[in-house]
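Trainee:
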Amino acid sequence: MQRAVVRDRNDTRQYDDLADEWWRPEGAFAALHWLCAGRAELLPPAVGGDDVLVDLGCGGGLLANYSAGYVHVGVDVTMSALTISAERGVQALQGDVGRLPLRDASAAVVVAGEILEHVSDLPAVVAEICRILRPGATVVMDTINATRIARFTLVTVAERLPGGPPPRIHDPELFVVPERLQALFELHGVRLEVWGIRPSVGDYARFLLDRQRPVRMVRTRSVSIVYQGVGTREPR
Ligand SMILES: C[S@@+](CC[C@H](N)C(=O)[O-])C[C@H]1O[C@@H](n2cnc3c(N)ncnc32)[C@H](O)[C@@H]1O
73 MQRAVVRDRN DTRQYDDLAD EWWRPEGAFA ALHWLCAGRA ELLPPAVGGD DVLVDLGCGG
133 GLLANYSAGY VHVGVDVTMS ALTISAERGV QALQGDVGRL PLRDASAAVV VAGEILEHVS
193 DLPAVVAEIC RILRPGATVV MDTINATRIA RFTLVTVAER LPGGPPPRIH DPELFVVPER
253 LQALFELHGV RLEVWGIRPS VGDYARFLLD RQRPVRMVRT RSVSIVYQGV GTREPR
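Count the sequence shown with our numbering and you get residues 73 to 308, in order.
1) Identify, in the order they occur along the chain, each residue of the same chain with its Cβ nearer than 6 angstroms to the Cβ of A164, setting aside the five sequence neighbours on each side.
2) Hey, is M213's beta-carbon within less than 9 angstroms of any beta-carbon in chain B?
3) Taking three-plus beta-carbon pairs below 8 angstroms as touching, is the segment 196 to 207 in contact with the segment 290 to 297?
4) Counting only the same chain and skipping the five closest in sequence on each side, list residues whose C-beta sits under 7 angstroms from that of A103.
5) With a threshold of 6 angstroms on Cβ separation, who are the neighbours of S296 within its own chain once the five nearest residues in sequence on each side are excluded?
6) Within 10 angstroms of its Cβ, does P307 collect 16 or more other Cβ (buried), or is it exposed?
7) Can you give, in chain order, each stretch of the beta strand (DSSP E) that sits fully within the segment 166 to 203 and has at least 3 residues?
8) Using a 10 Å radius around the Cβ and a threshold of 16 neighbouring Cβ atoms, would you call Q86 buried or exposed?
9) Does DSSP classify R252 as helix, strand or coil?
10) Count the other C-beta atoms from every protein chain shown that fall within 10 angstroms of the C-beta of V183, then say buried if there are 16 or more, exposed otherwise.
11) For P244, I'd like the list of residues in its chain whose CB is within less than 6 angstroms of its CB, leaving aside the five on either flank, ordered along the chain.
12) Between G99 and P117, what straight-line distance do the alpha-carbon atoms span, to the nearest angstrom?
13) Tell me which residue opens and which closes the alpha helix (DSSP H) that A158 is part of.
14) At a threshold of 8 angstroms, does L259 count as lining ligand 1 (C-beta to nearest heavy atom)?
15) Helix, strand or coil for E113 per DSSP?
16) Using a Cβ-Cβ cutoff of less than 8 angstroms, which residues in the same chain neighbour P207 once the five nearest sequence positions on both sides are dropped?
17) Would you list, in sequence order, the uninterrupted alpha helix (DSSP H) runs of no fewer than 4 residues that lie entirely inside the segment 85 to 131?
18) Return the chain-ordered list of same chain residues with a C-beta closer than 6 angstroms to the C-beta of V78, the five sequence neighbours on each side being excluded.
19) Quick one: what does DSSP say L135 is sitting in, helix, strand or coil?
20) Could you pull the start and end residues of the alpha helix (DSSP H) that G274 belongs to?
21) In its own chain, which residues sit with a C-beta less than 6 angstroms from the C-beta of R81, not counting the 5 before and 5 after it?
22) When the Cα atoms are used, what is the spatial distance from Y142 to A209?
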């Protein structure tokens, strides 16, 4: 539930205020559950052993439902979220995604789900992702485009809708232009392919009625609001 305190947009203390919501699929982070399920379909099959999946801005560890076979390492600034993700089996590390507490080339997979639109130094975060990807490793991401339609849909409208982002969680000034993101990855030898996604209209209508079933994310031709992407670091 929303607390009485009104925070600035993108103030990470909001995640402390909402800590009880992480694992309520119909709650304030409902859309993160839907996005996480869609993101999980893009993970390379785990081969077992000690392959590391690094989950940037892991929050309450929602990806833990899908990370079997990997050593799932979560990095986040919010201690309350890390505590919850650790209860789900995530190896939780407190840190800033712009300065990852991880060795070079240590990750088989890096997941950046709904984090890139929260950072002020995007080039530093992309550089850090590419630094920890081992040759041939995969990055999976989803984020929000820096368009008027995204701002209107996800801030003006969706913050007031069930299943929408919690009010003030986003600062639209930090939304991410896909071409810029792709160019930043390209600087580090990672070609990022991106496509748009949106909630299934039928699923969302049912969600409004009963708040029971999850909403599937489906692909769209337009990347103008929310988009997903996958890239691979060049093998040596
Ligand atoms: C929208 S939530 C996404 C959580 C998770 N990735 C998911 O999809 O369920 C954003 C998370 O990023 C964290 N975060 C925001 N800025 C960060 C930063 N600079 N470094 C590390 N974590 C950050 C927040 O604490 C929060 O847990």
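Glycine included, every Cβ here is placed at the ideal spot set by N, Cα and C.
Predicted model only: the values in this text are computed from it and were never measured.
Mentor: So, from the data block:
1) The residues are G146, L154, S157, A158.
2) Reference to chain B is not applicable here, since this structure consists of a single protein chain.
3) Contact fails: fewer than three Cβ-Cβ distances are below 8 angstroms.
4) G235, G236, P237
5) N217, T219, I221
6) exposed
7) Contiguous beta strand (DSSP E) elements confined to the segment 166 to 203 occur at 179 to 185, taking only those with 3 or more residues.
8) buried
9) Three-state result, R252: helix.
10) buried
11) Correct list, in chain order: R223, V227.
12) 30 angstroms
13) 151 to 159
14) no
15) coil
16) A177, R305, E306, P307, R308
17) Those alpha helix (DSSP H) runs which fall completely within the segment 85 to 131 and span 4+ residues are 85 to 89, 102 to 112.
18) Contacts found: none.
19) In the structure shown, L135 sits in a helix (DSSP, three-state: H, G or I).
20) 273 to 282
21) R240, D243
22) 13 angstroms
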